Amino acid sequence: MEARVIPGAEITESQLKEAAEAVFYRKGNTYHMLTNNCQHFCIDVVTWLHYRYLESVSRDAIKDCEGKGTKPIALRKFIFWTCFTNEGRMAHARAKQATEAEEAATQPSIRTLNRSRVPFPMK
1 MEARVIPGAE ITESQLKEAA EAVFYRKGNT YHMLTNNCQH FCIDVVTWLH
51 YRYLESVSRD AIKDCEGKGT KPIALRKFIF WTCFTNEGRM AHARAKQATE
101 AEEAATQPSI RTLNRSRVPF PMK
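Just so we're aligned: 64 in the UniProt record's numbering is position 64 of the sequence shown, and the numbers increase by one with no gaps anywhere.
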């Protein structure tokens, strides 16, 4: 098996084994061709290492692994960000509020609708 150098990561074999086992045995970890495959496993292991050994595995190491994946990797990352991070949920809420505000601005008000139905001018 050939070793793969990941820029921004310096770990021992035992740390790698610990991370791989933690990710492999976590609850709800089932294989799926598009949403949870070997590429996702590698990214999850590097992410686990980053949070466990912050000084040894940088964010650049995670980005390097993600950059070598396919498009579904980017989609999964976006879905995770929008659904499971506070920043993502807030961005989603702001976008929803902006859409609702735009729709409200284009809708005629009830007052305008009522006046348009009156056959004679109101005083």
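Virtual Cβ for every residue (Gly too), placed ideally from N, Cα, C. What you are looking at is a predicted structure, and each value in this text was computed from that prediction instead of being measured.
Three or more C-beta pairs closer than 8 Å, one from the region 23-32 and one from the region 52-70: is that the case here?
-> no
Helix, strand or coil: which one does DSSP assign to Val23?
-> If DSSP states are grouped into helix, strand and coil, Val23 belongs with the helices.
Taking all protein chains shown into account, do 16 or more other C-beta atoms lie within 10 angstroms of the C-beta of Ala61, making it buried, or fewer, making it exposed?
-> buried
How big is the Cα-Cα spacing for Gln97 and Glu13?
-> 49 Å
Rounded C-alpha distance that separates Phe41 from Glu100 | The straight-line gap from Cα to Cα measures roughly 39 Å.
Leaving aside the five residues before and after Glu10 along the sequence, list all residues of the same chain whose C-beta is less than 7 Å from its C-beta, in chain order.
-> Ser56
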